[in-house]
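These notes concern the structure reproduced below.
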Amino acid sequence: MSGESAWGAADLGVRHGATMFLDGVTLPAPAGQVTGVVGGDGSGKTTLARCLAGALAPDSGEVRRPPKARAGYLPASSGIYPDLTVTENLDFRATGYGMSRQAARERAAEYLDRAGLAPAAGRLAGQLSGGMRRKLAVIAAMLHRPELLILDEPTTGVDPVSRSGLWWLIARAAAEGCAIVLATSYLDEAERCASVLVLDAGVPLATGTPQEIVAAMPGAMYEVPARPDGDLAARTWRRGGRWRIWDPEAGPGAGPDSQRLLPDLADAVTVAALRRELAGAPS
Amino acid sequence: MWAMIVKEFRQVRRDRRTLAMMIVLPVLLLVVLGYAASFDVKKITVAVSGPQAGLAAGLLRGAPFQVTVTAPGETKDWATNQLRDGRVEMAVVTQADARPQVLIDGSQLFAARAALAALAGLERGGTSAGVRTSAAERAAAAGPVALPVTPTVQVLYNPGLTTSDIMIPGICGVILVFVGTVITSLGVVRERQSGTLEQLAVMPLRPRDVFLGKIAPYFLVAGVDLAIILAVGVAIFGVPFRGSPAIFAGGALLFLFVTLGIGILISSVSQNSGQAIQLAMMTLLPQILLSGLIFPVSSMAAGVRWISYLLPLTYFNQIARGVMLRAEPIGPLLPAFLFLALLGAVVVTAATLRFRRYLAPASSS
Chain F
0 MSGESAWGAA DLGVRHGATM FLDGVTLPAP AGQVTGVVGG DGSGKTTLAR
50 CLAGALAPDS GEVRRPPKAR AGYLPASSGI YPDLTVTENL DFRATGYGMS
100 RQAARERAAE YLDRAGLAPA AGRLAGQLSG GMRRKLAVIA AMLHRPELLI
150 LDEPTTGVDP VSRSGLWWLI ARAAAEGCAI VLATSYLDEA ERCASVLVLD
200 AGVPLATGTP QEIVAAMPGA MYEVPARPDG DLAARTWRRG GRWRIWDPEA
250 GPGAGPDSQR LLPDLADAVT VAALRRELAG APS
Chain A
0 MWAMIVKEFR QVRRDRRTLA MMIVLPVLLL VVLGYAASFD VKKITVAVSG
50 PQAGLAAGLL RGAPFQVTVT APGETKDWAT NQLRDGRVEM AVVTQADARP
100 QVLIDGSQLF AARAALAALA GLERGGTSAG VRTSAAERAA AAGPVALPVT
150 PTVQVLYNPG LTTSDIMIPG ICGVILVFVG TVITSLGVVR ERQSGTLEQL
200 AVMPLRPRDV FLGKIAPYFL VAGVDLAIIL AVGVAIFGVP FRGSPAIFAG
250 GALLFLFVTL GIGILISSVS QNSGQAIQLA MMTLLPQILL SGLIFPVSSM
300 AAGVRWISYL LPLTYFNQIA RGVMLRAEPI GPLLPAFLFL ALLGAVVVTA
350 ATLRFRRYLA PASSS
């Protein structure tokens, strides 16, 4: 673990029988920044988040996190009581973390207002929409101002306006010095992170700032109107209404410049996964 | 429809616990109940006191009576205490210049009825009517013989041999089992199903705090329930409460501790509410049938009776009936208290350990 990063994971391994859920995963979580963990379904994002939060003991490696009272965790399942109201859920969390009643009320009111949940404060959490429940869960996880905040898919199912409200809260927590680890499937969100770890089947594919990951993508990428046949098909994916082809051999100036695209993080992550697949790695 | 049938079979096949309940439980219940379901009292324990105790004991030496204590130097008070403390079901007090007195413990309903029937048979000078005795038992006993004098018979603690008097103390226990085990068993499962158990695991709460925090409200609710049932039993059904409320409360608290612990333990080994309810019912049913609430424990076949001695309700029944009906003091009830405390410690430790697996999966470094 690097000296400047107090919290995070080093060389984590989690297995169940013969299946590796995480293999050699290292993730520093520096204070004051949002560290993204991206990957598809079954990539190991939730397993990593659980290990960081202390909800799962890894089989190998090291996790550094503050004591429970100074860490916050949003699990994939929300961790919200459906038969308590929004306010009662936040009260329980505040009491559990030893917050003063006054501080808890003031902060809850502010966060609820920012997330657009203030009008629903008296409603049962079970009666909220999926997105509203998710927002409540994020607020509950950060209410006690933790030093390390682990958010597993915080914006899944949340509408774009509310997502922006949540990101305001997340960014403010980071600005106040909180180390945030955010697992997400949305690559546009990952681009907002200071650094990103790309996972695939429990194995780290790439790590660095979004710009570094994009810059490290080998070869070149082209856009074509239809999916090509033959070997090329394995290096092709659909994005929007068109198809993209990755050419690992292409150097600077190769290929028709008119079709050559500047990759973004989504392309770089897709290419990283393709490279692993083409190399014959188990999925 | 075929698709539904196939789907159901696949689901049932994967739900081993339901499958076991559907196939094994009926057979098990039939066998156990077949041996347990008996109101016939074949043995009535008797204490004999007074100057002619030896003679009386000799006259009673035949089924169903089994003289366990003969004390020529003791008085009626001693004999009464023998009944009060649950040591015997009938006591005979002989006197030098008066008819012997027979005291019967009415809180042992079926034994009392059998004793009265057997005494009536003796007074008629023949076989004790209403009491089944085998040929072997009759031969071995070489009796019974006609009584030379007619004793006075007094039924203590439940003179009218009222069923509600003995059922209501036991029903208090059943209700405590229901609240303690069945309702509590859903507690942890609900946390798991709503995904909040993981949240609890990462919060700065000790497993012990979570455990106690979970059972405390049920403890309180069950306590209020108990008070209401007792008040209704006394006010409406006229059940007496002769003993110490403190001893009763102590027994009820210990019993509740055990049942709540069983509820949490069930909850921690169940994946969903259905499984938890199934398991809770599997602990409730034997307690109702085998604890002595309905069938006298002494009438059960020996192969089944040992199960009774493992059930917490058996001991709560002893405490509740003893205190409410007979004003039994703490001394003779100590073994029951001790067993409940031991069972509570085992169950709560097991439940806490199970809890710890969920709530302390990874320690902070």
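Line order of the protein sequences matches chains F and A.
Heads up, the first sequence is in numbering that gives the first Met the number 0, so the first residue is 0 and it goes up one at a time.
Heads up, the second sequence is in numbering that gives the first Met the number 0, so the first residue is 0 and it goes up one at a time.
C-beta atoms are modelled at their ideal positions from N, C-alpha and C, and glycine is treated no differently.
Only a predicted model underlies this, so the values are computations on that prediction, with no experimental measurement involved.
In terms of DSSP beta bridges, what is residue i paired with?
| i | result |
| --- | --- |
| F/Trp242 | F/Val223 and F/Arg237 |
| F/Gly7 | F/Pro27 and F/Arg63 |
| F/Tyr72 | F/Ile149 |
| F/Val36 | F/Ala182 and F/Leu196 |
| F/Gly228 | Before going on, a small fix: residue 228 of chain F reads as Asp here, not Gly. Per DSSP, none; premise fails for F/Asp228. |
| A/Val187 | DSSP lists no partner for A/Val187. |
| F/His15 | F/Thr18 |
| F/Pro203 | F/Leu198 |
| F/Arg259 | F/Tyr221 |
| F/Asp266 | The partner list for F/Asp266 (beta bridge, DSSP) is empty, contrary to what the question assumes. |
| A/Leu28 | DSSP lists no partner for A/Leu28. |
| A/Leu196 | Per DSSP, none; premise fails for A/Leu196. |
Just curious, the alpha helix (DSSP H) that residue i is in, first and last residue?
| i | result |
| --- | --- |
| A/Ser48 | Taken as a continuous stretch (DSSP letters only), A/Ser48 belongs to no alpha helix (DSSP H), being part of the beta strand (DSSP E) at Ile43 to Ser48. |
| F/Pro159 | Pro159 to Ala174 |
| A/Leu219 | Pro206 to Ala234 |
| A/Gln10 | Trp1 to Arg13 |
| F/Phe91 | Val85 to Gly95 |
| A/Phe315 | Pro311 to Arg325 |
| A/Leu165 | Residue 165 of chain A is actually Ile in this sequence, not Leu. A/Ile165 -> alpha helix (DSSP H) spans Thr162 to Val176. |
| A/Arg60 | Counting along the chain, A/Arg60 falls outside any alpha helix (DSSP H), and DSSP gives it neither H nor E. |
Give the range of the beta strand (DSSP E) segment to which residue i is assigned.
| i | result |
| --- | --- |
| F/Ser194 | Ser194 to Asp199 |
| A/Pro244 | Premise fails: A/Pro244 lies in the alpha helix (DSSP H), Pro244 to Val268, not in any beta strand (DSSP E). |
| A/Leu155 | Thr151 to Leu155 |
| A/Thr67 | Phe64 to Ala70 |
| A/Ile103 | Gln100 to Asp104 |
| F/Ala54 | Careful: F/Ala54 lies outside any beta strand (DSSP E) and carries neither H nor E. |
| A/Ala90 | Met89 to Val92 |
Less than 8 Å between the beta carbons of residue i and residue j, yes or no?
| i | j | result |
| --- | --- | --- |
| F/Tyr96 | A/Pro206 | no |
| F/Pro153 | F/Arg133 | yes |
| A/Ile318 | A/Val238 | no |
| F/Gly43 | F/Gly201 | yes |
| F/Ile149 | F/Leu73 | yes |
| A/Val23 | A/Thr17 | no |
| A/Leu283 | A/Val178 | no |
| A/Phe109 | A/Pro285 | no |
| F/Leu168 | F/Ala114 | yes |
| F/Met141 | F/Gly71 | yes |
| A/Thr149 | A/Arg98 | yes |
| A/Val233 | A/Phe240 | yes |
| F/Leu147 | F/Val157 | no |
| A/Val66 | A/Leu118 | no |
| A/Ala36 | A/Val68 | no |
| F/Thr183 | F/Gly39 | no |
| A/Gly186 | A/Ser266 | yes |
| A/Met299 | A/Tyr34 | yes |
| F/Gly218 | F/Asp263 | no |
Using C-beta distances below 6 Å, list every residue in its chain close to residue i, excluding the 5 sequence neighbours before and after it, in chain order.
| i | result |
| --- | --- |
| A/Ser363 | Model confidence at A/Ser363 stands at a pLDDT of 41, short of 50, so the residue's coordinates are unreliable; what they give is reported in the following sentence. Nothing listed; no residue qualifies. |
| A/Gln274 | Arg16 |
| F/Glu276 | none |
Beta-carbon within less than 7 Å of residue i's beta-carbon, same chain only, minus the 5 sequence neighbours each way: which residues are those?
| i | result |
| --- | --- |
| A/Tyr156 | Asp104, Gly105, Ser106, Leu324 and Arg325 |
| F/Leu135 | Ile79, Val85, Asn88, Leu116, Ala124 and Leu127 |
| F/Asp22 | Gly12, Gly201 and Val202 |
| A/Gly343 | Leu253, Phe256, Val257 and Gly260 |
| A/Trp77 | Ser48 and Ala70 |
| A/Gly142 | With a pLDDT of 45 at A/Gly142, under the threshold of 50, the predicted position of this residue should be treated as unreliable, though the coordinate-derived value follows. So the qualifying residues of the chain are Arg60 and Gly61. |
| F/Ala265 | Leu186 |
| A/Gly291 | Ser307, Thr313 and Asn316 |
| A/Val346 | Val257, Gly260, Ile261 and Leu264 |
Return the chain-ordered list of same chain residues with a C-beta closer than 8 Å to the C-beta of residue i, the five sequence neighbours on each side being excluded.
| i | result |
| --- | --- |
| A/Val31 | Pro285, Leu288, Leu289, Val303 and Ile306 |
Between residue i and chain C, is there a C-beta pair that is closer than 8 Å?
| i | result |
| --- | --- |
| F/Lys134 | The structure shown contains no chain C; the protein chains it does contain are F and A. |
> Between the region 74 to 107 of chain F and chain A, which residues of the former have CB atoms less than 9 Å from a CB of the latter, in chain order?
Replying inline: Pro74, Ala75, Ser76, Ser77, Gly78, Ile79, Tyr80, Pro81, Asp82, Arg92, Gly95, Tyr96 and Gly97
>> Please list, in chain order, the residues of the region 42 to 57 of chain F that have any C-beta partner in chain A closer than 8 Å.
In response: Arg49, Cys50, Ala52, Gly53, Ala54, Leu55, Ala56 and Pro57
>> Counting only Cβ-Cβ distances shorter than 8 Å, please list the residues of the region 194 to 217 of chain A near chain F, keeping chain order.
In response: Gly194, Thr195, Glu197, Gln198, Ala200, Val201, Met202, Pro203 and Leu204
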